[in-house]
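Worksheet: the structure to be examined is printed underneath.
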Amino acid sequence: MTAIDFINFYIVPGLVLGSIYAVGAIGITMVFGILRFAHLAHGDLATMGAFFALAAVTLLGVDPWVALPVAMILAAALAVGLDRTFYDYLRDRPKILTVMASLGVALMVRAVIQVVWGTDPQTYQRGIVRPDNYFGILLRNRELYTLLAVVVIVVALETFLRKSKWGKAMRAMSDNPDLARLSGVDIRHVTVLTWAIVGALCAASGFFLGINTELHSMMGWHMLLPMFAAAILGGVGRVQGAVLGGFIVGLAEELSILVMPGPYKSATAFVILLAILLVRPRGLLNGKVL
Amino acid sequence: MKSKITAGLVASLLGAVLFTAPAHAQNQRIALLSGISGPIAAMAPAMLEAMQLAVRHVNEQGGIGNGGRLEFVIGDDACNPQNATDAATKAVNIDRVIGMVGPACSGAVIAAANSVTIPAGVLMITSSGTSPQITKLNDRDLVFRTVPSDDYQGRALARTLKERGMDKVAVAYVNNDYGKGLADAFKDEFESVGGTLAGFSGHEAGKASYRSDLAQLARGGADTLVVFDYGDGSGLTILRQALENNFFKNFVGADGMKSDAVIRELGADNLKTFFTSAPVGEASASLDAFNQAFAAAGHDPNAIFATTSYDAAFLMALAIEKAGGDRAKLSEALRSVSTEPGEPIMVGEWAKAKQLIAEGKDINYKGAAGDHAFDENGDVPGNYSFFKVSGTTYEAIAEMH
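So the sequences go chain by chain: H and V.
Under the numbering used here, the first residue of the first sequence is numbered 1, with each subsequent residue one higher.
Under the numbering used here, the first residue of the second sequence is numbered 291, with each subsequent residue one higher.
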């Protein structure tokens, strides 16, 4: 195997997969950090976002990349709506109830997708795309855009969290909710804002997954475990940690083929996760202990 | 007190719904299970329609027993063991079915049979569970299938590829009962006829990328990839990534890959070197009758597992009629109505079969998919054809032996 083959068929797919995981993991880590529960409907919300984009493509006839912002807005609205309808009601009860409710929400969201769009696999653009050659490195436009989009999303989110008033309020909520409340942070607004951002991120990760493979009603659910692994690996509540975790899990899955049989691909991520949690229980970037 | 009254009301309402047939008539209820959601979702509608066509034939021509009707409940096995077990449990314990047609996928069949239908003594006929593992079930003669075991298909495919000059191939199989059963049979036969396996590896369903798997397989130097997976699931992802990255030149799948979704999403132009094998019905009067009836009902008779699904449901009905609705005698009755000797019964000939059974005569159902002479394991031998993509559908190009 030449070095260029290694990059093309192991590293590049690992990075693309990693960026899909990363965008999903950021959302998971934000819910974990700010609202303090494991959101099990995350995968299916991502699926819904991907199908929102498909609806925009089929109904409006626009390019999939134009449909992405539309899907992000719709998914943000959906996420806020889900919070208002289901999670808000359980806010003062033990968090485990919200976790279980999110599993129910996951099933409901998936059922709606199956009713509206059916269960057959679908694609944004039919046919196949052969890669372009960049000095020996084979990349498709969609992969390039996926990687770029992840960079844009992470930079924008970090800037928002560090510089803006509401971003600071969200970080304060994440660090210490009681202190945040005492300092006059409006929890209701922060919660709505968090869900809007999480919903938009869900749609983005579902879209990236869909444009790089196919869309089907189970796509997000299958991604849930690696995304959780990435979020915990990086450190709960840490955005950069989720990105780092996403890339590590994505690369580990693709590279594990070199040393292990294919069916153990998913297991690799968890072996790494367990090992790191043994050595660093707070994750790579020193997240929260839950 | 109030809740008791409500419960009583509900119960009487339910009763009113359930027992609308005349008092002396004994309705019989069967379960129809298929993978309505999950990786074979595109195949499920035709299968369920074919099963329901059989039920319609029964009810239009005299029904079951003395004026009873054949009722059915539909369940979704989602092509996985957990959902199949749930659906089968509901059918057996809540709907109190006498027999089950389905589930669709091999893993689903094995799980539902082992944990639900065999312990409950319910007869199961699957029309698409093809794993060789199903043969080995310790089933108290309660699990049958109208579709041949993949042991035959894997071996026939191996011989066909060798004959067509594909001497060196790589195999990628989905790591479940279906994929592994097929891959093992293929490997065994392909090596014994002198072919070279340049790669042989399993993969997990539902991943976003299989490029490293494919790169690893391609390193063996084969230009043909054999995919034992589902064309509505990860098989489609694998095929796409193999095509886009030029890992292989030729692609061969088995029945699971023969899905319209593959042509629709990848485009026929890109699939000129894609072939699949699939079980086919032998030309017969019964098959013609089925094709006509199914087309008249507005469905595609060439849809995969349509014939076997019709036969499974029709055989179930014949067995129930023959056993007089006695659950304990169902498997014995099933063998009796499907094997020599007996008056031949074709697709749709329910009135004739009912008459003969009433007269105490032997019958022998000749189905759309074949004669269904079950062996001691409840398996049937099969006929296979080799298909290529033609336009928006598949076209048989050779018989496989």
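Just so you know, even glycine gets a beta-carbon here, dropped at the ideal spot from N, CA and C.
8 Å Cβ cutoff met for residue i and residue j
i	j	result
H/Val150	H/Ser266	no
V/Gly397	V/Pro371	yes
V/Asp376	V/Leu323	no
V/Val516	V/Val459	yes
V/Asn540	V/Thr514	yes
V/Val363	V/Val387	yes
V/His493	V/Asn535	no
V/Asp467	V/Ser421	yes
H/Ala332	H/Val99	The question about residue 332 of chain H has no answer here: the residues shown for chain H are numbered 1 through 290.
V/Arg359	V/Asn317	yes
H/Ile272	H/Leu284	no
H/Ile211	H/Arg142	yes
C-beta neighbour in chain H for residue i, strict 8 Å
i	result
V/Gly397	no
V/Thr527	yes
V/Leu556	yes
V/Asp394	The amino acid occupying residue 394 of chain V in the given sequence is Ala; Asp does not appear at that position. Not closer than 8 Å to any Cβ of chain H, the Cβ of V/Ala394 fails to qualify, so no.
V/His347	no
V/Gly492	yes
V/Asn560	yes
V/Ala551	yes
V/Ser327	yes
V/Arg359	no
V/Arg509	yes
V/Arg430	no
V/Ala311	For V/Ala311, the pLDDT reaches just 44, beneath the cut-off of 50, and the residue's location in the model is therefore unreliable, although a value from the coordinates is still provided. No, V/Ala311 lies away from the interface with chain H (no Cβ there is under 8 Å from its Cβ).
The beta strand (DSSP E) enclosing residue i, as first and last residue numbers
i	result
V/Asn540	Asn540 to Gly543
V/Glu633	Glu633 to Ile635
V/Ala488	Thr486 to His493
H/Arg238	No beta strand (DSSP E) contains H/Arg238, which DSSP labels as neither H nor E.
V/Met414	Leu413 to Thr416
V/Thr514	Thr514 to Phe518
V/Leu360	Leu360 to Asp366
H/Met218	No beta strand (DSSP E) contains H/Met218, which DSSP labels as neither H nor E.
V/Gly389	Gly389 to Val391
Residue-level contact to chain V via CB, residue i, 8 Å cutoff
i	result
H/Asn141	no
H/Thr146	no
H/Asp5	yes
H/Asn212	yes
H/Met1	yes
H/Gln240	no
H/Ile20	yes
H/Glu254	yes
H/Pro177	no
Contacts that residue i makes with chain H (C-beta to C-beta distance below 7 Å)
i	result
V/Gly496	Met218 and His222
V/Ser421	Going along chain H, no residue has its Cβ under 7 Å from V/Ser421, so there is no contact; the nearest lies around 16 Å.
V/Ala332	Asp120
V/Arg625	Chain H residues near V/Arg625: none, gap ~36 Å exceeds 7 Å.
V/Arg530	Ile128
Same chain, Cβ closer than 8 Å to residue i, neighbours up to 5 away in sequence not counted
i	result
V/Glu630	Asn654 and Ala663
H/Val66	Ala56
V/Gly484	Lys452 and Asp457
V/Thr683	Asp550, Ile553 and Asn592
Residue i Cβ short of 7 Å to the ligand PLP heavy atom set
i	result
V/Thr379	By its list of ligands, the structure shown contains no ligand whatsoever, and the ligand PLP lies outside what it can speak to.
Chain H contact residues for residue i, given Cβ-Cβ distances below 9 Å
i	result
V/Glu534	Ile128, Val129, Arg130, Pro131 and Arg140
V/Asp522	Thr119, Asp120, Pro121 and His216
V/Arg386	Chain H residues near V/Arg386: none, gap ~26 Å exceeds 9 Å.
CB contact check: residue i to chain B, cutoff 8 Å
i	result
V/Asp513	As a matter of chain content, chain B is missing from the structure shown, whose protein chains are H and V.
Residues of its chain near residue i, where Cβ-Cβ distance is below 6 Å and the 5 sequence neighbours each way are ignored
i	result
V/Gly489	Ala460, Leu507 and Gly510
V/Glu339	His589
First and last residue of the uninterrupted alpha helix (DSSP H) at residue i
i	result
H/Ser19	Val12 to Met30
V/Asn349	Ala334 to Glu350
H/Glu158	Asn141 to Lys163
V/Arg449	Asp440 to Glu453
Contacts that residue i makes with chain V (C-beta to C-beta distance below 7 Å)
i	result
H/Pro64	Under the 7 Å cutoff, chain V gives no residues; its nearest Cβ is about 14 Å from H/Pro64.
H/Leu17	Ala498 and Ser499
H/Leu209	Ala498
H/Ile257	Ser502, Asp503 and Gln506
H/Pro13	Ser499, Arg501 and Ser502
Neighbour list for residue i in chain H, Cβ cutoff strictly below 8 Å
i	result
V/Asn465	Gly262 and Pro263
V/Arg435	Those within 8 Å of V/Arg435 in chain H number zero; the least Cβ separation is about 24 Å.
Interface partners of residue i on chain V, CB under 8 Å
i	result
H/Phe9	Arg501, Ser502, Leu504, Ala505 and Asn535
H/Ser266	Glu494 and Lys497
Proximal residues to residue i (C-beta, below 7 Å), its chain only, five neighbours per side dropped
i	result
V/Phe580	Pro591, Thr597, Tyr600, Val637 and Ala658
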